[in-house]
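Asker:
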Amino acid sequence: MNRRPLRAVVRAMSIAGAVALAVVGVGVAPAVAAPPPVTAGSVQVLDGNGDPIVGAGISLSVGAFGVEHRAVTLADGRVDLTTIPGVDPAGGPYVMWIWANGYAGYWDGATDPDATVPVQVQAGADPLVATVAATNPPPSSTTAGISGTVTDALTGEPIVGIQVTATDDGTGGDNSGAGQTVLDGTYYVNFGGGSLPSTAEVAFTSLATSEAAPFGYEEQFYNGINASASEAETPVDVTAGATVSGINGQLLPNGQLTGTVTDASAGGIVPLGDAQVSVWNRAKQVMIASGSTNPDGSYAFAVPQGSWVVQFDKIVDGNVVSTQYYDGATTFEAAADVEVVAKLSTDGTDAQFGTVPLTPVTPVTPVTPTLPATGPEDTAPLLWVALATILGGTVLVAATAFIRRRRPARSGS
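Those letters in the sequence shown? Residues 74 to 486, per this note's numbering, in order.
This is how it looks when you write it as structure tokens:
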């Protein structure tokens with residue numbers, strides 16, 4: 074069983090579920106006016122017991138589905154909103170999303186994206202307090218505990234803000250649990266919810282970028298299994314009332330893949346927005362990442378280190394009308410591999426749909442020059458040599474030329 078705990082999918086499903094709650098019996102509930110924004114310079118995340126949550130994920134976006142700008146809470150469960158990369162205090166207001174102790178939702182607990190209070194970021198403004206009900210209690214007669222440490226595979230340093238999820242491996246009920254690493258890289262997860270299985274699957278997911286990992290960290294399963302490898306996860310044995318420790322992770326920083334997609338079908342080269350870009354594991358033929366191009370045809374997203382196949386799909390009215398692979402290949406098998414290195418950006422992975430028509434060239438008729446007539450005169454080469462003696466020295470001058478020469482007139486005698 075190969076589950077893939079994808080953050081974007083989980084968030085989209087959560088929002089979709091929230092939207093679905095607005096549908097009552099018949100028809101759709103009338104649109105709710107967005108509440109006025111609250112101004113804040115920072116946020117502090119507390120759990121259901123009122124304790125600060127270190128390592129909680131914070132996301133700010135303009136609109137529920139806008140580009141996300143992320144950070145994680147540090148000491149006292151706080152984060153300065155003005156320092157989150159990409160956040161512009163002059164912009165906004167922003168929708169705030171939080172991941173903490175298995176909770177994934179809006180900062181104020183709203184279930185409708187139109188009902189959550191937006192946040193206007195302002196330096197020096199009062200801090201915002203977000204309380205999430207989720208906690209990670211000790212194991213009980215129906216739950217188990219899972220703990221460990223997560224470090225950087227390159228430096229060995231602890232990583233804060235890694236989301237750790239435990240899911241049912243199929244041997245029991247619908248169990249789950251989630252937590253996040255704190256400043257020293259340690260974590261604890263309370264796993265349960267139904268008929269406790271004998272094993273669980275544990276995954277490590279990066280919630281934000283950092284100086285050590287400018288594109289975040291790879292998604293990994295326990296025992297060093299990269300999610301992009303599409304291999305079976307190593308199950309973790311769990312027992313009700315007990316905590317299994319040493320379930321550690323060593324995560325490699327992601328690289329980044331960037332490029333531009335253009336279209337020449339209409340005769341000129343123009344940017345192609347909303348094209349689908351997918352990254353594939355060639356050996357497993359499994360997609361590991363995907364995204365869409367911006368209106369200017371550009372794209373950029375984090376990708377694990379490795380060699381991948383990059384696919385480009387041109388979308389028209391929601392349908393794929395043309396597909397190609399890097400570098401201009403028309404089949405998956407013929408596609409060139411793209412190498413991605415940890416912490417580095419692989420740029421220029423471009424694609425162009427259509428062909429620019431060649432400009433017709435008017436052939437030039439060669440002109441044969443006509444030499445002027447010379448008449449009956451006879452021409453012949455004449456070589457003359459002049460020798461001159463100057464101050465005891467001899468100068469030799471020679472020249473060859475074609476000259477006109479008339480035949481001398483004969484005398485009558």
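Note that beta-carbon positions come from the ideal geometry of N, C-alpha and C, so glycine has one too. The model shown is predicted, which means the values in this text are computed figures rather than measured ones.
How would you call proline 211, buried or exposed, if buried means at least 16 neighbouring beta carbons within 10 angstroms?
Answerer: Taking the sequence shown and counting its residues from 1, one reaches residue 211 at position 138. Exposed, by the Cβ-count rule.
Asker: So who's on the other strand from glycine 130, going by DSSP bridges?
Answerer: Along the sequence shown, read from residue 1 onward, the residue named residue 130 stands at position 57. BP columns for glycine 130 point to Val145, Trp172.
Asker: Alpha carbon to alpha carbon, how far is serine 220 from alanine 203? Give it in angstroms, no decimals.
Answerer: On the sequence shown, position 130 is the one that residue 203 refers to. On the sequence shown, position 147 is the one that residue 220 refers to. If you take the alpha carbons of alanine 203 and serine 220, they lie about 25 Å apart.
Asker: Quick one: what does DSSP say glycine 150 is sitting in, helix, strand or coil?
Answerer: Indexing the sequence shown from 1 puts residue 150 at position 77. Of the three classes helix, strand and coil, the one that applies to glycine 150 here is helix, per DSSP.
Asker: Judging by CA-CA distance, which residue of Asp420, Asp410, Val394, Ala375 is the nearest neighbour of phenylalanine 426?
Answerer: Here residue 426 refers to the residue found at position 353 when the sequence shown is read from its first residue. Phenylalanine 426 has its Cα closest to that of Val394, out of Asp420, Asp410, Val394, Ala375.
Asker: The beta strand (DSSP E) spanning glutamate 412 covers which residue range?
Answerer: As a first step, residue 412 is located in the sequence shown; it is residue number 339 there, counting from the start. Here the beta strand (DSSP E) through glutamate 412 covers 411-413.
Asker: Can you give me the Cβ contacts of aspartate 386 inside the same chain, cut-off strictly under 6 Å, excluding the 5 residues immediately before and after it?
Answerer: Within the sequence shown, the letter at position 313 stands for residue 386. Same-chain partners within the cutoff: Gln349, Val393, Thr396.
Asker: Would you say isoleucine 298 faces chain D, with C-beta separation under 8 Å as the test?
Answerer: You won't find chain D in this structure, because it holds only one protein chain.
Asker: Between which two residues does the beta strand (DSSP E) holding tyrosine 399 run?
Answerer: Working through the sequence shown from its first residue, we reach residue 399 at position 326. Here tyrosine 399 belongs to no beta strand (DSSP E), and DSSP marks it neither H nor E.
Asker: Name the one or two DSSP bridge partners that aspartate 386 has.
Answerer: Position 313 of the sequence shown, counted from the first residue, corresponds to residue 386. DSSP, once it has assigned bridges, lists Gln349, Thr396 as partnering aspartate 386.
Asker: Between which two residues does the beta strand (DSSP E) containing glycine 243 stretch?
Answerer: In the sequence shown, residue 243 corresponds to position 170, counting from 1. Glycine 243: not part of any beta strand (DSSP E); DSSP gives it neither H nor E.
Asker: By the three-class DSSP mapping on this structure, what secondary structure does alanine 300 have?
Answerer: Here residue 300 corresponds to residue number 227 of the sequence shown, with the count starting at 1. Alanine 300 falls in the helix class under three-state DSSP.
Asker: Enumerate, from N- to C-terminal direction, the unbroken beta strand (DSSP E) stretches of 3 or more residues contained entirely within the region 245-278.
Answerer: 249-253, 259-264
Asker: Among Ile388, Pro287, Leu330, which has the Cα closest to the Cα of alanine 362?
Answerer: Stepping through the sequence shown from its first residue, residue 362 is reached at position 289. Of Ile388, Pro287, Leu330, the residue nearest in Cα terms is Leu330.
Asker: Return the chain-ordered ranges of every beta strand (DSSP E) run that is complete within the region 304-354 and spans a minimum of 3 residues.
Answerer: 322-324, 328-336, 349-354
Asker: Buried or exposed, going by whether 16 or more other CB atoms sit within 10 Å of the CB of threonine 422?
Answerer: For the purposes of this step, residue 422 is taken as residue 349 along the sequence shown, with counting starting at 1. The residue is buried, with at least 16 neighbouring Cβ atoms inside 10 Å.
Asker: What does the alpha-carbon distance come out to for the pair valine 309 and glutamine 236?
Answerer: Counting from one through the sequence shown, the residue named residue 309 turns up at place 236. Counting from one through the sequence shown, the residue named residue 236 turns up at place 163. Each residue's alpha carbon lies about 17 Å from the other.
Asker: Please return the same chain residues whose Cβ sits closer than 8 Å to the Cβ of valine 414, not counting the five positions on each side in sequence.
Answerer: For the purposes of this step, residue 414 is taken as the residue at position 341 of the sequence shown. Its chain contains Gly328, Gln378 as the residues whose beta carbon lies nearer than 8 Å to that of valine 414, once the 5 sequence neighbours on both sides are disregarded; these appear in chain order.
Asker: Can you give the Cα-Cα distance for valine 311 and valine 205, rounded to whole angstroms?
Answerer: Along the sequence shown, read from residue 1 onward, the residue named residue 311 stands at position 238. Along the sequence shown, read from residue 1 onward, the residue named residue 205 stands at position 132. Each residue's Cα considered, the two are about 27 Å apart.
Asker: Assign proline 109 to one of two classes, buried (16 or more other C-beta atoms within 10 Å of its C-beta) or exposed (fewer than that).
Answerer: Position 36 of the sequence shown, counted from the start, is the residue given in the question as residue 109. Proline 109 should be labelled exposed.
Asker: Name the DSSP beta bridge partners of valine 359, please?
Answerer: To locate residue 359, count along the sequence shown from 1; it is residue 286. In DSSP, valine 359 forms a bridge with Asn354.
Asker: Select from Leu269, Glu141, Asp369 the residue whose C-alpha is nearest the C-alpha of valine 487.
Answerer: Lying before the first or after the last residue shown, residue 487 is absent from the chain, which here runs from 74 to 486.
Asker: Measuring only the C-alpha atoms, how far is lysine 416 from glycine 159?
Answerer: Along the sequence shown, read from residue 1 onward, the residue named residue 416 stands at position 343. Along the sequence shown, read from residue 1 onward, the residue named residue 159 stands at position 86. Answer to the nearest angstrom: the Cα atoms are 19 Å apart.
Asker: Can you give the Cα-Cα distance for threonine 224 and valine 262, rounded to whole angstroms?
Answerer: Mapped onto the sequence shown, residue 224 falls at position 151. Mapped onto the sequence shown, residue 262 falls at position 189. Roughly 17 Å between the two C-alpha positions.
Asker: Across which residues does DSSP place leucine 119 in a beta bridge pair?
Answerer: By 1-based counting over the sequence shown, the position of residue 119 is 46. Beta-bridge pairing links leucine 119 to Pro125, Thr204.
Asker: Is the beta carbon of leucine 269 less than 8 Å from the beta carbon of alanine 207?
Answerer: The count along the sequence shown starts at 1 and reaches residue 269 at position 196. The count along the sequence shown starts at 1 and reaches residue 207 at position 134. Annotated as distal: leucine 269 and alanine 207, with beta-carbon spacing of 8 Å or more.
Asker: From the DSSP output, which residues share a beta bridge with tryptophan 381?
Answerer: Position 308 of the sequence shown, counting from 1, holds the residue named residue 381. DSSP output for tryptophan 381 lists Val411 as bridge partner(s).
Asker: Do the region 298-306 and the region 182-201 touch if we need at least three Cβ pairs shorter than 8 Å?
Answerer: no
Asker: Quick one: complete beta strand (DSSP E) runs, 3+ long, within the region 174-198?
Answerer: 176-179, 192-194
Asker: Relative to the C-alpha of glycine 266, which candidate in Leu280, Tyr179, Thr189, Gly175 has its C-alpha closest?
Answerer: For the purposes of this step, residue 266 is identified with residue 193 of the sequence shown, where counting begins at 1. Closest by alpha carbon: Gly175.
Asker: Just list the residues that DSSP pairs glycine 218 with in beta bridges.
Answerer: Working through the sequence shown from its first residue, we reach residue 218 at position 145. In the DSSP output, where bridge partners are listed per residue, glycine 218 has Asn263, Thr316.
Asker: Whole-angstrom Cβ separation of valine 190 and proline 162, contact assumed at under 8 Å?
Answerer: Sequence index remark: in the sequence shown, residue 190 carries index 117 (1-based). Sequence index remark: in the sequence shown, residue 162 carries index 89 (1-based). Wrong, their Cβ atoms sit about 17 Å apart, outside the cutoff.
Asker: Would you call the CB atoms of glycine 165 and isoleucine 171 closer than 8 Å?
Answerer: The residue given as residue 165 occupies position 92 in the sequence shown. The residue given as residue 171 occupies position 98 in the sequence shown. Contact: no.
Asker: As a quick exercise: from Tyr398, Lys357, Val192, pick the residue whose alpha carbon is nearest that of alanine 113.
Answerer: Taking the sequence shown and counting its residues from 1, one reaches residue 113 at position 40. Comparing C-alpha distances from alanine 113 to each of Tyr398, Lys357, Val192 shows the shortest one belongs to Val192.
Asker: Should glutamine 117 and arginine 151 be called a contact, given that it needs their Cβ atoms to be closer than 8 Å?
Answerer: Working through the sequence shown from its first residue, we reach residue 117 at position 44. Working through the sequence shown from its first residue, we reach residue 151 at position 78. Yes, the pair counts as a contact, with Cβ atoms nearer than the cut-off.
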